[in-house]
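Numbering (numbering that gives the first Met the number 0), first residue to last: 0 to 133. Cβ coordinates follow ideal geometry from the N, Cα and C atoms, glycine included. Working notes, structure below.
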Amino acid sequence: MRKTQSREKQAEEQKSHIRELDRIYRADGRANETAEGTERRRSEDRLRIIARRNNMSAEETQRRHSDDRLQANARRNSMTTEETEERRSEDGLRIIARRNNITAEETEERRSEDILRTIARRNNMTAEEREEAF
């Protein structure tokens, strides 16, 4: 569970950082650069972030983890019941997708296709076959 939360937190941090960099780049007039240039710079920025984190003291790292947990708890506490249920459902899909190495959307699509195949198979069965199967 913590590993999942940690990965989600890292993904959120990366997205936030990328948005921040995008704002900076636009401000610097870099909006017209190529996609390859943008990707290269983002990659370099990610490496700088990793290097900066690796240079943190144990106390700084512990404080950052503690802050991350507090932020996650605050976010969860402000969620409605529906949002919590939705998050749990999405978390479940992400776990399944990770196991199968596919995206949540692909997982949902596959589930839908499986349900349709099951229905089609049932429709093509005779009454005796249905009784034997179930």
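When the Cα of residue i is compared with those of the options, which residue comes out closest?
i: HIS16; options: LYS2, LEU46 and GLY36; result: LEU46
i: THR102; options: ASP113, GLU112 and GLU89; result: GLU89
Provide the residue span of the alpha helix (DSSP H) that contains residue i, from first to last.
i: ILE101; result: Counting along the chain, ILE101 falls outside any alpha helix (DSSP H), and DSSP gives it neither H nor E.
Where does residue i fall in DSSP's three states?
i: SER111; result: helix
i: THR60; result: helix
i: ASN54; result: coil
i: THR83; result: helix
i: SER160; result: Look at the range of the chain in this structure, 0 to 133, and you will see that residue 160 is not part of it.
i: SER77; result: coil
i: THR33; result: coil
i: THR3; result: helix
To the nearest angstrom, how far is the alpha carbon of residue i from that of residue j?
i: THR125; j: ALA34; result: 57 Å
i: ARG51; j: ARG97; result: 28 Å
i: ALA119; j: ASN53; result: 55 Å
i: GLU84; j: SER56; result: 37 Å
i: GLU38; j: ASN100; result: 23 Å
i: ASP66; j: LEU115; result: 45 Å
i: ASP44; j: GLU7; result: 19 Å
i: GLU19; j: THR117; result: 47 Å
i: LYS14; j: ARG41; result: 11 Å
i: ILE23; j: LYS2; result: 31 Å
i: ASP21; j: GLN9; result: 18 Å
i: GLU105; j: ARG68; result: 30 Å
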